[in-house]
Amino acid sequence: MQLSYLIAQRSKDPNTQNGACLVDENKIIVGLGYNGFPRGCSDDELPWDREGNFLDKKYAYVVHAEENAVYNANKPTKGCIMYCTMFPCNECVKTIIQNGIKEVVYDRDPYHNQDEWIAARKMLDMAGVKYRQYSPKYKLKLEKVDNKQKTIIGIVGLTGAGKDALADYLKNKGFAYSSLSDSIRGECLSRGLSTERDNLINVANELRQKFGHSELAKRSLKKIKESKSDKFVIVSIRHPEEVEYLKNQGNLKLIAVEAAIELRYQRISQRGRPEDFVSFEKFKEQEERERFGSGEQQQLDKVISMADFKVDNSGSLEDLYQQVDKILEKINEN
Ligand SMILES: [Zn+2]
240 MQLSYLIAQR SKDPNTQNGA CLVDENKIIV GLGYNGFPRG CSDDELPWDR EGNFLDKKYA
300 YVVHAEENAV YNANKPTKGC IMYCTMFPCN ECVKTIIQNG IKEVVYDRDP YHNQDEWIAA
360 RKMLDMAGVK YRQYSPKYKL KLEKVDNKQK TIIGIVGLTG AGKDALADYL KNKGFAYSSL
420 SDSIRGECLS RGLSTERDNL INVANELRQK FGHSELAKRS LKKIKESKSD KFVIVSIRHP
480 EEVEYLKNQG NLKLIAVEAA IELRYQRISQ RGRPEDFVSF EKFKEQEERE RFGSGEQQQL
540 DKVISMADFK VDNSGSLEDL YQQVDKILEK INEN
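Position 209 of the sequence shown, counting from 1, maps to 448 under our numbering, and the rest follow consecutively.
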């Protein structure tokens, strides 16, 4: 797995670096691969973009790490084991099965519930190819992997679900607080704008559009890496590519806090921030905008679907804390 992460660093993809390493039954290396364009196809002439027309996006051209590991193999791959930094997609799984690979060991699984990965597991199961998550026996020494040792707990939830209550609980347990919106607030102030919700949303969208959808996550992770603390809580993740970035480049575990809309409305009406005095209808309307955005906008529903853990916050704070304690135990076990 360390070799997979090492080879992944050769990828020129600005958003995702994946690696794969094939070994035979004696654990001798048979092939290595990372995500990149086909041989002879220049990075200078093909796009790494993820938005736009078919011909302008990377997906038309890129070869995934798992496929490249097979293409680069120096002997037949029948009976080999593949170590991948991420759970392979459905297309790579087809290649894996057809080339007789008998087991897949993956590290991250950020898209577990998306259709491509459901299809991938379905085919692996049918074909009798084993797959398991990597569990390191040895302490990883690569610098990149060292950064992964810092625990980052992300909390996502709709307004009034109880993100702050959960964050406060973690702060009391020694987690340092980090926010993706710090740089947005700074940006608002330098432009003479107030930091009301609409301004924050607009400026965040603008930054994502200008510098890429993971820009806010990038800025925050940089601060986290420089900090002396080794565990962090973040409450302001609102875009799927922020989750992706923090899972790829850091050790993010995402918790979704959930509660019914009537209860959440009741809570925010009681907490009495000026921006919270809105009618139930308006509350619902604002929420739709945050849940189902596209492009650079907030996409809370998609972010929630990427959560590693879910907690139900319709009961007491004690209930909430108990659920969180169980999750922390699981995270520490890994
Ligand atoms: Zn793939």
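Backbone N, C-alpha and C fix where the C-beta goes; we use that ideal spot for every residue, glycine too.
Here the structure is a predicted model, which is why all the values come from computation and not from measurement.
By DSSP's criteria, Ile-267 is part of a beta bridge. Which residues make up the other side?
Paired residues: none, contrary to the question.
N-terminal and C-terminal residue of the beta strand (DSSP E) that Ser-417 is part of
415-417
Taking the C-alpha atoms as reference points, what is the distance between Gly-272 and Met-240?
12 angstroms
Using 8 angstroms as the threshold, is the segment 447-463 in touch with the segment 476-490, meaning 3 or more CB pairs across them?
yes
Which term fits Phe-516, buried or exposed, when burial requires 16 or more other beta carbons within 10 angstroms of its beta carbon?
exposed
Leaving out the 5 sequence neighbours to the left and right, which residues in its chain are closer than 8 angstroms to Gln-372 when beta-carbon positions are compared?
Val-344, Tyr-345, Asp-346, Asp-348
In or out: Cys-280 buried (at least 16 other Cβ within 10 Å) or exposed?
exposed
Pairwise C-alpha distance: Thr-334 and Val-301
15 angstroms
Which residue marks the beginning of the alpha helix (DSSP H) containing Lys-464, and which one marks its end?
454-465
Shortest alpha-carbon distance to Asn-487 belongs to which of Leu-446, Glu-465, Leu-460?
Leu-460
What is the DSSP secondary structure of Ala-498, reduced to helix, strand or coil?
coil
Quick one, are the C-beta atoms of Ile-658 and Lys-492 less than 7 angstroms apart?
Past the edges of the chain, shown from 240 to 573, lies residue 658, and the structure says nothing about it.
Return the CA-CA distance between Leu-381 and Ala-499, expressed in angstroms with no decimal places.
Because Leu-381 carries a pLDDT of 49, less than 50, the predicted location of this residue cannot be relied on, and no value is offered for it.
Is the beta carbon of Ile-267 closer than 7 angstroms to that of Val-395?
no
Ignoring anything shorter than 3 residues, give me the beta strand (DSSP E) runs that lie fully in the segment 246-303, in order along the chain.
258-262, 268-273
Can you look up Cys-328 in the DSSP assignment and give me helix, strand or coil?
coil
Kindly examine ligand 1 and report whether one of its heavy atoms sits closer than 6 angstroms to the Cβ of Pro-327.
yes
Inter-residue spacing [alpha-carbon to alpha-carbon] between Ala-443 and Leu-559
30 angstroms
Let me make sure I understand the geometry here. Which of Gly-258, Leu-409, Asn-338, Gln-353 has the alpha-carbon closest to that of Gln-561?
Leu-409
How far does the beta strand (DSSP E) with Tyr-345 in it reach, from first residue to last?
342-347
Cβ pair Phe-414, Val-472 closer than 7 angstroms
yes
If we cut at 7 angstroms on Cβ distances, does Gly-451 have a partner in chain D?
Protein chain content of the structure displayed is limited to a single chain, and chain D is not contained in it.
Any chance the CB of Cys-319 is under 6 angstroms from a heavy atom of ligand 1?
no
Starting from Asp-547, trace the beta strand (DSSP E) both ways and give me its first and last residue.
Unbroken run through Asp-547: none, as it is neither H nor E.
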